[in-house]
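Enquirer: Here you go, one structure.
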Amino acid sequence: MVMELKMFQFIDDSIIYFKDIETHLDTLCEDIEGYFEEMLMEEDQGVLNINSRVKSISSLKEKIIRNNYYKKYSTVEEFFSNLSDLIGIRIECRFIEDENKIYKIIKTHFTEIDEEGYYYSSSKKNIKLKLSDKQPQEQKNGFKIFRIDGFYEYNDKKFNFELQIKSLVNIFWGEIEHKIIYKNNNYMLVDEFYKNIMGAIKKNLSMIDNQLLLIYDQVNKFNAINPTVRKAQLETVLSKIIYDIFSTQMKKSIGLIVDFKKSCDAIVKYIFRTNNAEDLEDYNETLLKTISRLNAIGKDDMNFNSQIEFEREVEFKDEFCNTVGTEILKSINTDFQWNLFFRMLFQIELGNNSEDFESFIMYFKNIFLKNISFSKLNFLFNEEQSE
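145 is the number that numbering that gives the first Met the number 0 gives to position 146 of the sequence shown; each next residue is one higher, with no gaps.
Quick look at the structure:
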């Protein structure tokens with residue numbers, strides 16, 4: 000009974016302590032994510048996305064109970080100073096071989112070493128990594144993962160974080176292991192049967208990774224032969240993926256599906272244009288990044304029966320944009336097709352709705368100006384008359 004009371008008291012004290020520092024943790028989390036994003040996005044090594052999170056209260060409770068931390072640590076402060084994944088940073092990449100490439104890039108930036116053996120960059124001295132450990136690390140299940148301990152120095156305090164580097168198939172594997180096995184007490188990891196099953200799944204995922212890499216390399220080789228055809232094929236593939244994801248969400252939200260394939264085609268052209276995708280390598284990178292974003296969208300429910308709201312008043316750069324943009328704004332919450340088009344666009348594009356709308360209107364203007372008939376107006380009349 001005393002032990003039970005001690006456990007619950009330790010959990011309550013931990014939650015109070017966590018809430019006191021939670022605001023700081025969110026700020027630090029964003030700063031760490033931004034630092035690695037700035038470092039890696041300049042490199043062409045298959046980085047798709049960088050995610051970050053602060054450990055949730057429910058996860059904190061579960062970890063205290065699962066690992067008997069209320070017995071191991073005498074104070075809450077001691078517990079938090081030893082909690083390696085208080086903040087989690089995950090670098091997502093295309094293929095398993097990209098994981099090692101990204102790890103090597105990080106090592107080229109973290110070249111200074113402190114008295115405790117942690118490495119840091121001269122450009123960001125308060126973010127430190129333990130690079131002395133062998134990577135990738137072997138887990139209890141026998142599989143390997145790039146997992147690096149680190150900490151962030153802030154106001155003379157150290158806040159721990161865990162950095163992971165994961166390919167797409169290893170992200171999927173992690174979801175299987177964590178949600179189906181790790182958090183399900185009905186599965187016994189000591190059971191040889193489950194070990195064999197999980198081993199087979201991991202082996203198949205690794206094979207899929209190799210197959211995807213072969214396809215990717217083959218696509219790049221074929222690209223050199225007929226780049227125009229390949230661009231069109233990639234646009235078609237992405238348009239189909241967008242349609243499949245949003246049609247599924249639409250069915251769940253309003254119980255029916257309308258045809259919006261043309262809207263998907265238009266959004267795809269906008270995505271490639273605004274990402275300055277010119278050659279096939281650019282197209283491939285844009286495709287993979289957008290698919291990663293669409294996977295995240297597909298996990299959340301979406302309401303197709305609500306109005307689109309803007310964070311601020313939309314501003315237009317010229318009369319053309321004002322005329323076109325104002326007319327579309329009048330219809331955006333009354334015409335279902337316009338509402339659907341911008342709902343999809345705003346979901347895919349990161350940023351606020353006002354900025355995305357302004358960007359699309361400028362894109363539309365540029366496309367319109369390239370139209371031959373409109374160009375003739377500019378040739379026959381002066382600028383004021385053309386407008």
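Every residue gets a Cβ at the ideal spot worked out from N, C-alpha and C, and that includes glycine.
Since the structure is predicted, the reported quantities are computational estimates derived from the model, not experimental observations.
(1) Is the segment 251-259 in contact with the segment 300-309, if contact means three or more CB pairs nearer than 8 Å?
(2) According to DSSP, D148 sits in a beta bridge with which residue or residues?
(3) Give me the residue from Q248, D281, D155 and A265 with the minimum Cα distance to T235.
(4) Anyone know if the C-beta pair for N365 and E310 falls short of 8 Å?
(5) Cβ of L237 within 8 Å of Cβ of V267?
(6) Where do the ends of the alpha helix (DSSP H) carrying R428 lie?
(7) Alpha carbon to alpha carbon, how far is N225 from L279?
(8) Quick one: residues in its chain with C-beta nearer than 6 Å to the C-beta of K60, no 5 flanking neighbours on either side, listed in chain order?
(9) Using the Cα positions of I112 and E357, report the straight-line distance between them to the nearest angstrom.
(10) Can you give the Cα-Cα distance for L368 and E318, rounded to whole angstroms?
(11) How is E326 classed by DSSP in three states: helix, strand or coil?
(12) Thinking C-beta only, is I86 closer than 8 Å to S51?
(13) Report all residues from its chain with a CB closer than 8 Å to the CB of K165; omit the five preceding and five following residues, and keep chain order.
(14) Following the continuous alpha helix (DSSP H) through G297, name the residue where it begins and the one where it ends.
(15) In three-state DSSP terms, what is S58?
(16) Can you name, in chain order, every residue of its own chain whose Cβ lies under 7 Å from the Cβ of D208, other than the five neighbours on each side?
(17) Are R342 and I307 closer than 8 Å when you measure CB to CB?
(18) Where does I371 fall in DSSP's three states?
(19) Quick check: the segment 32-47 against the segment 61-72, are there 3 or more CB pairs under 8 Å?
(20) Mind checking I256: buried by the 16 CB within 10 Å criterion, or exposed?
(21) Could you check what DSSP says for E314 in three-state terms: helix, strand or coil?
(22) Please go through the same chain and pick out, in chain order, the residues whose beta-carbon is closer than 7 Å to the beta-carbon of F17, but skip the five residues on each side of it.
(23) Where G324 and I360 are concerned, what is the direct C-alpha to C-alpha distance, given to the nearest angstrom?
(24) Between which two residues does the beta strand (DSSP E) containing K387 stretch?
(25) Enumerate in chain order the residues of its own chain whose CB-to-CB distance from H108 is below 7 Å, with the five nearest sequence positions on each side excluded.
Expert: Taking the structure as given:
(1) yes
(2) E161
(3) A265
(4) no
(5) yes
(6) Residue 428 is absent from the model: the chain starts at 0 and stops at 386.
(7) 10 Å
(8) I10
(9) 46 Å
(10) 14 Å
(11) helix
(12) yes
(13) R89, I90, E91, C92, E98, I144, F145 and G173
(14) L279 to G297
(15) helix
(16) F94, I95, S166 and V168
(17) yes
(18) Any answer about I371 is weak, because its pLDDT of 47 lies below 50 and its placement is not dependable; what the coordinates show is given next. Three-state result, I371: helix.
(19) no
(20) exposed
(21) coil
(22) I56 and L59
(23) 6 Å
(24) The structure shown does not extend to residue 387, since the chain is modelled only from 0 to 386, so the question has no answer here.
(25) M38 and S120
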